[in-house]
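Enquirer:
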Amino acid sequence: MKLHNDTDWASYAKITDALKHRRKGATVADVVTATALPLNTVKELVPRAADEYSARLEVTSSGEILYSFPQGFTSRYRGFKVGLQKFTRKFIKGAGIAAAWLFKAWIAIMLVGYFALFMLIALAALVLSMAASSSNSNNRSRGGGLYLSSGILNFIIRIWFYSELTKSVDRRYYGDIQSGRSRPKGRPLYKAIFSFVFGETDPNREAGTAEKKAVIAYIQANRGVISLPEYMALTGQSPAEAEAGIMACCSEFGGSPEATDDGTILYRFDELLKRQDRTDRSFAGASAPLRKLKKFSVNEKKMNTWFGIINSVNLLFGGYFLYQSTATRIVEDAATGDLIVQASAAYSYLYKVAYVLFTAITDNPLPILTVGLGVVPLAFSILFWLIPALRFNREKNENEDIKLGNLRKTGFQKIWSMIRGIRNRDIDSAIPECRPKKLIAAQNKIIKEMGSYSMPEVEVNGEGETLYHFNELEREKAALAKYRAAINPGDSDLGKIVFDSGK
C-alpha cells in the first residue's frame, strides 16, 4: 500500500484506529465521527484499510457499506518491502523523539555543567588563594581573589544543602519512608529545565479536532442540520470566522447550505447521518469542550527560582571571563621566552587560575577562556532568560484570546437559548478559562458580534440596565425547528443487509 506523505499516513493511522474499535461494523460516517477527518479522505482510505486488514463488507439496502473485522485486525501485507517501510516510519519517529530528548539533555548539561565548571574553577582559585595568602597576606590582588572565592564557596555550600535539585530525600517524604511507603518519583531534571525555558506541550493541540467532533456530533443529534449561530456557540468563532468555518465543514463533510421557505439559511449534512452507531455524543445543548489555558511551567516555584539563580551565576561568570579575556594580554618574557599573562582588571586572580588550569590542555588557553568560558555561557545564559521572558508575554496574550473564545462559546449559547432580555452580565461564567481580564469589554464585544449577525432591539429597564432582544434570531430559531421537524429520521436508516462478503 502506497501513501504519498506523512499527512496521509497520519490520517490512515487514525482511520485504522477507529476501525479497530468498531469491529462489529462501521460506515464511512462512523469513521468521520470518530476521527473528524474530511469525508473524501475517509472515503479514499477506508477501502485501503479494508483491503489491508481483510474486512468483511456488508451492503445495506440504502447503498451504504458496513466495514467489520470479525476475524481480528491483522494486516495481510507481508514481506521485506513492507517491513522496511514500517521500520523506516518507526525509525524516523524514534529519531525525532531521540533528537528532542537530546536537545533537552543538552540544555540541562549546558546549565548545570557550566555552573559546576565555574564552581570548580572558583574552588581551585580559593585553595590556591588561601595557600598564597598564608605566605603573603599583603598581596591585594590575591586577597581580592580570596574574598571572591570564599563567597563562591559559601554559595556552593548553600546550593548543595538547600537546593531542591541536589537533595536525595525530600523532608516531606520522611514519614513515607519510615512507614514503608515508597517515595513518589520526581520529574527528571532535564524535563524540569526544558519546562522552564520552553514550557509544556500545548494543551490545545487537539482542540481543533475536538471542536470538529463536537460539531459533527451536534449535527448528527439534530437530524443533520445546523445553523450559523449554533456553529458559533460550538466553536466560539465570531460571525465572520464562523461563516468561513462552516463552509469549510461543508467542503470536508459533504454539507450544503439551504434556505427555508422564509429565507433562513441553514446547513445540511445528510451523509453524516448514514452511520451504524447511533449513540448521541453531543454535549448538552450547543456546547463544546472549552480550550485550556497555557501554563508557563508545571515546575514548583522554588525549582524555577533555583534555575534562575544558577543561570545568573553562569551569566556573571561568562561576562567575567569574556571581560577578562578582552583585557588580558599574553606577552613573552624576554629572558626566559615563557608566555606571561598580563591583566589589569579587578579579581584577575581568578582568571589567572583558570588560565593556569587550562594550560594542561593547550599552550595558549586564551581562545578557550574567551569562547568556551566567555562567549558560549554568556550567550546561552542570555537566551536562557530571553526565551522564557518572550514566551511569558506571548502566552499571556494567547491566554486572553483563549478566555475570550471560551466566553464566546458560553455567551453565544446563552444568547441562543434566551433570545430576549439579554443583559451584559448574562454573558458570564464562573470558570476561570472563560473570564478575560477585561470582562466587561469582552461582554460588550460578544453582544455586538452577535448583533452584527442579527440586529437586536435595545431596551432600558427600570433599573437602568440595557436589555437586548434578538427577535430576528428568535424567528430563525423557530424556522430551524420547523425545518428539522419536517425531516423524517427514517430517511437516514441504513436498511437491511442485501449483500455480505462473509457469506
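Residues 0 to 502 (numbering that gives the first Met the number 0) make up the sequence shown, in order. Ideal placement from N, C-alpha and C gives every residue a C-beta, glycine not left out.
1. Residue range of the beta strand (DSSP E) that Glu-458 falls in?
2. Any idea what DSSP makes of Ile-496, helix, strand or coil?
3. Please report the distance separating the alpha-carbon of Ile-245 from that of Leu-56.
4. Identify the continuous alpha helix (DSSP H) that holds Ala-478 and give its terminal residues.
5. When you compare only the Cα positions, how much space is there between Thr-208 and Ala-247?
6. Would Pro-503 pass as a contact of Ala-285 if the rule is Cβ separation under 9 Å?
7. Restricting to Cα atoms, I'd like to know which of Leu-406, Ala-54 and Val-457 is closest to Pro-435.
8. Give the straight-line distance between the Cα atoms of Ser-61 and Val-214, rounded to the nearest whole angstrom.
9. Let me check understanding here. Comparing Cα to Cα, which of Lys-80, Asp-50, Thr-73 and Arg-77 lies closest to Tyr-66?
10. Quick check on this structure: which residue in Thr-259, Thr-32, Ala-48 and Arg-22 has the alpha carbon closest to the alpha carbon of Thr-15?
11. Once you ignore the five residues that flank Ala-216 on each side, which residues in its own chain have a CB closer than 6 Å to its CB?
12. Taking 6 Å as the limit between beta carbons, can you name the residues of its chain near Ile-439, skipping five residues before and five after?
13. How many Å lie between Ala-485 and Arg-274 at the Cα?
14. By the DSSP assignment, the alpha helix (DSSP H) with Pro-256 in it spans what residues?
15. Specify, as a first and last residue, the run of the alpha helix (DSSP H) that Arg-22 falls within.
16. Spatial neighbours of Asp-269 within its chain, please: C-beta separation below 6 Å, excluding the five flanking residues on both sides.
17. Considering only their Cβ atoms, is the gap separating Ala-353 from Phe-320 smaller than 9 Å?
18. Buried or exposed: which applies to Trp-415, given that a residue is buried once 16 or more other Cβ atoms fall within 10 Å of its Cβ?
19. Please name the residue or residues paired with Thr-361 in a DSSP beta bridge.
20. When the Cα atoms are used, what is the spatial distance from Gly-174 to Ala-243?
21. Give me whichever residues DSSP pairs with Ser-67 in a beta bridge.
22. Can you say whether Val-459 is buried or exposed, counting buried as having 16 or more other CB atoms within 10 angstroms of its CB?
23. Throw me the rounded Cβ distance for the Ala-232 and Phe-411 pair, which I believe falls under 8 Å.
24. Tell me Arg-267's beta-bridge partners as DSSP assigns them.
25. Using 10 angstroms around the beta-carbon of Met-454, count the other beta-carbons present and answer buried if the total reaches 16, otherwise exposed.
26. Using only the alpha-carbon positions, how far apart do Ala-344 and Ala-326 sit?
27. I need the DSSP call for Tyr-467, collapsed to helix, strand or coil.
28. My output table needs one value for Ile-245: the three-state DSSP class, helix, strand or coil.
29. Chain C beta carbons: is any one of them nearer than 9 Å to that of Lys-436?
30. Unbroken alpha helix (DSSP H) runs of length 4 or more, entirely within the segment 366-418: which are they?
31. Where does Ile-421 sit, in a helix, a strand or coil, going by DSSP?
32. Decide yes or no for the touch test of the segment 305-325 against the segment 366-380: beta carbon pairs closer than 8 Å, at least 3 of them.
33. Taking the alpha-carbon of Arg-483 as reference, which of Ile-381, Glu-456, Val-497 and Asp-260 has the nearest alpha-carbon?
34. Roughly how many angstroms lie between the CA atoms of Arg-422 and Glu-475, to the nearest whole one?
35. Taking the alpha-carbon positions, what's the Thr-26 to Leu-272 distance?
36. Do the CB positions of Met-302 and Ala-191 come within less than 9 Å of each other?
Expert: Result, derived from the coordinates:
1. Position 459 of the sequence shown holds residue 458. Taken as a continuous stretch (DSSP letters only), the beta strand (DSSP E) holding Glu-458 covers 456-459.
2. Taking the first residue of the sequence shown as position 1, residue 496 is located at position 497. Strand at Ile-496.
3. Along the sequence shown, read from residue 1 onward, the residue named residue 245 stands at position 246. Along the sequence shown, read from residue 1 onward, the residue named residue 56 stands at position 57. Going from the Cα of Ile-245 to the Cα of Leu-56 covers about 33 Å.
4. Indexing the sequence shown from 1 puts residue 478 at position 479. Counting along the chain, the alpha helix (DSSP H) containing Ala-478 begins and ends at 470-484.
5. Locating residue 208 in the sequence shown gives position 209, counting from the first residue. Locating residue 247 in the sequence shown gives position 248, counting from the first residue. Roughly 14 Å between the two C-alpha positions.
6. The question about residue 503 has no answer, for the chain in this structure spans 0 to 502.
7. Within the sequence shown, residue 435 is the residue found at index 436, counting from 1. Checking every option, the nearest Cα to that of Pro-435 belongs to Leu-406.
8. One-based indexing of the sequence shown puts residue 61 at position 62. One-based indexing of the sequence shown puts residue 214 at position 215. Straight-line Cα distance between these residues: approximately 25 Å.
9. Locating residue 66 in the sequence shown gives position 67, where the first residue counts as 1. Here the closest residue by C-alpha is Asp-50.
10. By 1-based counting over the sequence shown, the position of residue 15 is 16. When only C-alpha atoms are compared, the closest one is Ala-48.
11. Walking along the sequence shown from the start, residue 216 turns up at place 217. Excluding sequence neighbours, Ala-216 sits near Arg-280 and Ser-281.
12. Residue 439 sits at position 440 when you count from the first residue of the sequence shown. Within the same chain, Ile-439 has no close Cβ partners at all.
13. Walking along the sequence shown from the start, residue 485 turns up at place 486. Walking along the sequence shown from the start, residue 274 turns up at place 275. Whole-angstrom Cα-Cα distance: 20 Å.
14. Within the sequence shown, numbered from 1, the residue matching residue 256 stands at position 257. It is not in any alpha helix (DSSP H) - Pro-256 instead sits in the beta strand (DSSP E) that spans 255-258.
15. Residue 22 sits at position 23 when you count from the first residue of the sequence shown. Taken as a continuous stretch (DSSP letters only), Arg-22 belongs to no alpha helix (DSSP H), as it is neither H nor E.
16. Along the sequence shown, read from residue 1 onward, the residue named residue 269 stands at position 270. Contacts found: Gly-223.
17. The residue you call residue 320 lines up with position 321 of the sequence shown. The residue you call residue 353 lines up with position 354 of the sequence shown. Yes, the Cβ-Cβ distance between Phe-320 and Ala-353 is below 9 Å.
18. Within the sequence shown, the letter at position 416 stands for residue 415. Buried, by the Cβ-count rule.
19. In the sequence shown, the residue the question calls residue 361 occupies position 362. Thr-361 pairs with nothing; no bridge assigned.
20. Here residue 174 refers to the residue found at position 175 when the sequence shown is read from its first residue. Here residue 243 refers to the residue found at position 244 when the sequence shown is read from its first residue. With a pLDDT of only 48 at Gly-174, under 50, the local geometry of the prediction cannot be trusted, and no value is derived from it.
21. If you number the sequence shown from 1, residue 67 lands on position 68. Bridge partners of Ser-67: Arg-55.
22. Here residue 459 refers to the residue found at position 460 when the sequence shown is read from its first residue. Exposed, because fewer than 16 other Cβ atoms sit within 10 Å of the Cβ of Val-459.
23. Locating residue 232 in the sequence shown gives position 233, counting from the first residue. Locating residue 411 in the sequence shown gives position 412, counting from the first residue. Confirmed, about 4 Å.
24. For the purposes of this step, residue 267 is identified with residue 268 of the sequence shown, where counting begins at 1. Paired residue(s): Val-224 and Ser-255.
25. Position 455 of the sequence shown, counted from the first residue, corresponds to residue 454. Under this definition Met-454 is an exposed residue.
26. On the sequence shown, residue 344 is found 345 positions in, with the first residue counted as 1. On the sequence shown, residue 326 is found 327 positions in, with the first residue counted as 1. Because the pLDDT of Ala-344 is 46, which lies under 50, any placement of that residue in the model is unreliable, and the number read from its coordinates should be weighed accordingly. Each residue's alpha carbon lies about 7 Å from the other.
27. Within the sequence shown, the letter at position 468 stands for residue 467. DSSP places Tyr-467 in strand when its eight states are reduced to three.
28. Translated into the one-based positions of the sequence shown, residue 245 becomes position 246. Helix, per DSSP.
29. Chain labels in this structure do not include chain C; a single protein chain is all it has.
30. 375-417
31. Counting from 1 along the sequence shown, the entry for residue 421 is found at position 422. Note: Ile-421 maps to strand in three-state DSSP.
32. yes
33. As a working mapping, residue 483 is identified with position 484 in the sequence shown. Here the closest residue by C-alpha is Asp-260.
34. The residue you call residue 422 lines up with position 423 of the sequence shown. The residue you call residue 475 lines up with position 476 of the sequence shown. Distance between the alpha carbons of Arg-422 and Glu-475 is about 21 Å.
35. In the sequence shown, the residue the question calls residue 26 occupies position 27. In the sequence shown, the residue the question calls residue 272 occupies position 273. Whole-angstrom Cα-Cα distance: 10 Å.
36. Within the sequence shown, residue 302 is the residue found at index 303, counting from 1. Within the sequence shown, residue 191 is the residue found at index 192, counting from 1. Yes, they are a contact pair.
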